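> This is the structure, below, for whatever I ask next.
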Amino acid sequence: MLKSIHVVTLFPDWFEHFKTLGLTGRAISEGKVELRCFDPREHASGVHRSVDDRPYGGGPGMVMRPEPLALAIEAARGDPPAVVSALTPQGRRIDQQSIARLAAREQLVLVCGRYEGIDQRVIDALVDEEWSIGDYVLSGGEPAAAVLIDAVVRQLPGVLGHDQSAGEDSFAAGLLDHPHYTRPDCWRRRAVPEVLLSGDHDRIARWRRAQALHRTRRLRPDLHSAAPAEPMDQAVLEEFPEEFLPPALYPEDKSE
Ligand code: 4GX
Numbered sequence: 309m310l311k312s313i314h315v316v317t318l319f320p321d322w323f324e325h326f327k328t329l330g331l332t333g334r335a336i337s338e339g340k341v342e343l344r345c346f347d348p349r350e351h352a353s354g355v356h357r358s359v360d361d362r363p364y365g366g367g368p369g370m371v372m373r374p375e376p377l378a379l380a381i382e383a384a385r386g387d388p389p390a391v392v393s394a395l396t397p398q399g400r401r402i403d404q405q406s407i408a409r410l411a412a413r414e415q416l417v418l419v420c421g422r423y424e425g426i427d428q429r430v431i432d433a434l435v436d437e438e439w440s441i442g443d444y445v446l447s448g449g450e451p452a453a454a455v456l457i458d459a460v461v462r463q464l465p466g467v468l469g470h471d472q473s474a475g476e477d478s479f480a481a482g483l484l485d486h487p488h489y490t491r492p493d494c495w496r497r498r499a500v501p502e503v504l505l506s507g508d509h510d511r512i513a514r515w516r517r518a519q520a521l522h523r524t525r526r527l528r529p530d531l532h533s534a535a536p537a538e539p540m541d542q543a544v545l546e547e548f549p550e551e552f553l554p555p556a557l558y559p560e561d562k563s564e
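Under the working numbering, the residue at position 203 of the sequence shown is numbered 511, and the numbers go up by one with no gaps.
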C-alpha cells in the first residue's frame, strides 16, 4: 500500500497549497501518505542554475537539461530505486484500474516535465513508464500529477469517510455514478425521485444500479460493454426502465 509520493518538479510551489487541501490534504496531515517534492533547480550548477536549454536541431521553446533533472530523479527514486513514472501526452491513458494498481505500490515517483519536454536520454535512462491524463496539451506535468495523486490517495484505506469506500465507487464497478439528490424534496418545481424518499433501501439500491446502467449505456457505451453484469441487472432494468421524461414538475413551489 502506498506510503510516499515523490514529485520531481521545477514548481514545488504548485504542490504547497494542493497538499493542504481536501481529502488529499487530510490524508497527508494524518500521516496516511507522504508527499515530497524534488526540484531539479537544487541540482543545477553555475551561477544561473539553469535547468533548460535550446533544442538541438533548432525550433521553438526550451528543453529540460538532462543532468539537473537526472539528479533530482535519482534523489526522488531512492535506493533501491522505486519505479519512476513521467506524466506525458505520449503515456498510457490513466483509468480507474491503473489508479488501483498505482495505489497498491509502496512509492510513486512522478516526474513533471516543463517547457517543450525532457531530453529523451533522461527518459531512456531513468523513466520506467509514462502516463497521460488525456489527449490535450498541458504546459507542464504538474496538473496531471495532481490528478493522479488525487485519484490514488482516495483509494487508500481510511481516507474516505466511514460509510464510504473507494471499492463501492460506481467506477470501481466499471459504470458511471447514479444521480444524487439532497433537500429540499422540491426545488424550483423539480421533485426528487419518489423512490429515494421511500426508505426502502433494497429498492433504492436497485434504482441506483438501474440509473448507473442507463446513464453508462447512453453516455459511455464503451464502458457499458466492458462492465461486468450483475445477476440482478435484467430484473432491475425491468423494474426501473429508462425514463425519457424528467420527473413531473410540481404545480407550484412547495418550498424554495
Ligand atoms: N497527460 N503534458 C508534460 C512536458 C513534457 C513533454 C514530453 C515530458 C515529455 C500531459 C498529459 C501533458 C504537456 C505534461 C507536456 N514532459 N501530461 N509536458 N496530457 O500534456 O500528462
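Built from N, CA and C at the ideal position, the CB exists for glycine as well.
As the structure is a prediction and not an experimental result, all values here were calculated from the model.
Please name the residue or residues paired with I426 in a DSSP beta bridge.
Partner(s): M372.
> Is T396 near ligand 1 - that is, is its Cβ less than 7 angstroms away from at least one heavy atom of it?
yes
> Would F548 and R514 qualify as a contact pair, given that the criterion is a beta-carbon distance under 8 angstroms?
yes
> Any idea what DSSP makes of T524, helix, strand or coil?
helix
> In its own chain, which residues sit with a C-beta less than 6 angstroms from the C-beta of D347, not counting the 5 before and 5 after it?
P320
> So, is F552 buried or exposed, given that buried needs 16 or more other C-beta atoms within 10 angstroms?
Counting Cβ neighbours within 10 Å, F552 comes out exposed, since fewer than 16 surround it.
> Where G339 and G399 are concerned, what is the direct C-alpha to C-alpha distance, given to the nearest angstrom?
30 angstroms
> If we call anything under 8 angstroms between Cβ atoms a contact, is A411 one with V460?
yes
> Please report the straight-line C-alpha distance between A520 and L434, rounded to a whole angstrom.
One C-alpha to the other measures close to 42 angstroms.
> Look at the alpha carbon of P397 and the alpha carbon of R528, and state the distance between them as a whole number of angstroms.
23 angstroms
> Which two residues bound the contiguous beta strand (DSSP E) that contains V544?
Where V544 is concerned, there is no enclosing beta strand (DSSP E), although the alpha helix (DSSP H) it sits in stretches over D541 to E547.
> Just confirm the distance between the C-beta atoms of I441 and I407, as a whole number of angstroms; I'd bet it's less than 8 angstroms.
About 11 angstroms separates the two Cβ atoms, so there is no contact after all.
> So within the region 405-483, which uninterrupted alpha helix (DSSP H) runs reach at least 4 residues, ignoring any that extend past its ends?
Runs of the alpha helix (DSSP H) inside the region 405-483: 428-434 and 450-461.
> Out of curiosity, what's the CA-to-CA distance linking V417 and Y489?
39 angstroms
> Is the region 369-384 touching the region 494-512 in the sense that three or more CB pairs, one from each, lie closer than 8 angstroms?
no
> Can you tell me the Cα-Cα spacing of L343 and I336, whole angstroms?
7 angstroms
> With distances taken Cα to Cα, identify the nearest neighbour of Y364 among Q415, L504 and G425.
G425
> Give me the DSSP bridge partner(s) of R271.
Since the displayed the chain opens at 309 and closes at 564, residue 271 lies outside it and no answer follows.
> Which residue wins for smallest C-alpha separation from V392, given the options C420, Q404 and Q472?
C420
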